[in-house]
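Below is one structure, written out as structure tokens; comments come after it.
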Amino acid sequence: MEHTEEELKRFIDACGIARRIMETMPELPKGIKPRHIHVIDAVILTRQKKEKVQVSDISRHLNVTMPSITRLVSELERAGVLEKTADEEDGRNVLLRLTPLGEEYYRRYVREYYQKLGQRFESISPEELRTTVRTIQSAYQCIGKEKVL
Numbered sequence: 007m008e009h010t011e012e013e014l015k016r017f018i019d020a021c022g023i024a025r026r027i028m029e030t031m032p033e034l035p036k037g038i039k040p041r042h043i044h045v046i047d048a049v050i051l052t053r054q055k056k057e058k059v060q061v062s063d064i065s066r067h068l069n070v071t072m073p074s075i076t077r078l079v080s081e082l083e084r085a086g087v088l089e090k091t092a093d094e095e096d097g098r099n100v101l102l103r104l105t106p107l108g109e110e111y112y113r114r115y116v117r118e119y120y121q122k123l124g125q126r127f128e129s130i131s132p133e134e135l136r137t138t139v140r141t142i143q144s145a146y147q148c149i150g151k152e153k154v155l
């Protein structure tokens, strides 16, 4: 299916608007980046499914390499957001637990943010939202990470 230049321009303009939506996210504490919040969220979601949360669980959950997750976990540990401990049953495994500060970040930057976002999205149906997500994901797969020209 061929698209008109006008359709493609409108899509790129909409992507610019989407970027501005991202800019409405709350300002994070100094040294904390959005990818850190993703790790915090992944720890919570993994903990809801299983008793022990390992670094490898977070790597799988976020579909990110182990070295990348290990670096992020170390940054969060230094910031006092996460604690790493050795598994008592198998000392080779590193377990993760949020500190009270990590729990606070989860509450503010994940739970409260998405609750407020949901209130603002009341006029958008769940199907419209799912369609938007699928479209953006499909477009990204078509374009890839490389520049078009």
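If you use our numbering, the sequence shown corresponds to residues 7 to 155, in order.
Virtual Cβ for every residue (Gly too), placed ideally from N, Cα, C.
If you're wondering where the values come from, they're calculated on a predicted model, not measured in any experiment.
Quick one: is the Cβ of residue i within less than 7 Å of any heavy atom of the ligand MN?
i, result
"Cys21", "For the structure depicted, the ligand MN is absent and the ligand set is empty, with no information on it obtainable."
Could you give the first and the last residue of the continuous alpha helix (DSSP H) run that contains residue i?
i, result
"Val100", "Careful: Val100 lies outside any alpha helix (DSSP H), inside the beta strand (DSSP E) at Val100 to Leu104."
"Pro35", "From DSSP, Pro35 is part of no alpha helix (DSSP H); its letter is neither H nor E."
"Ser62", "Val61 to Leu68"
"Lys55", "Pro40 to Lys55"
Just the Cα atoms here: how many angstroms apart are residue i and residue j?
i, j, result
"Leu101", "Val154", "42 Å"
"Glu133", "Glu8", "25 Å"
"Ser131", "Cys148", "26 Å"
"Val70", "Thr52", "15 Å"
"Val59", "Lys90", "10 Å"
"Glu57", "Ile38", "26 Å"
"Lys55", "Ala24", "32 Å"
"Tyr112", "Tyr120", "11 Å"
"Val93", "Asn99", "According to the sequence as given, residue 93 is Asp; it is not Val. Rounded to whole angstroms, Asp93 to Asn99 spans 5 Å at the Cα level."
"Asp96", "Phe17", "51 Å"
"Gly108", "Thr141", "33 Å"
"Cys21", "Pro32", "20 Å"
At what residues does the beta strand (DSSP E) containing residue i begin and finish?
i, result
"Glu13", "That residue, Glu13, is in no beta strand (DSSP E); its alpha helix (DSSP H) goes Glu11 to Met28."
Under the DSSP definition of a beta bridge, which residues are partnered with residue i?
i, result
"Ala92", "Val100"
"Gln121", "Answer is none; Gln121 lacks a bridge partner."
On the premise that residue j lies in contact with residue i, defined as a C-beta separation below 8 Å, what is that separation, rounded to the nearest angstrom?
i, j, result
"Leu104", "Ile46", "7 Å"
"Arg41", "Leu78", "6 Å"
"Ile75", "Ile64", "5 Å"
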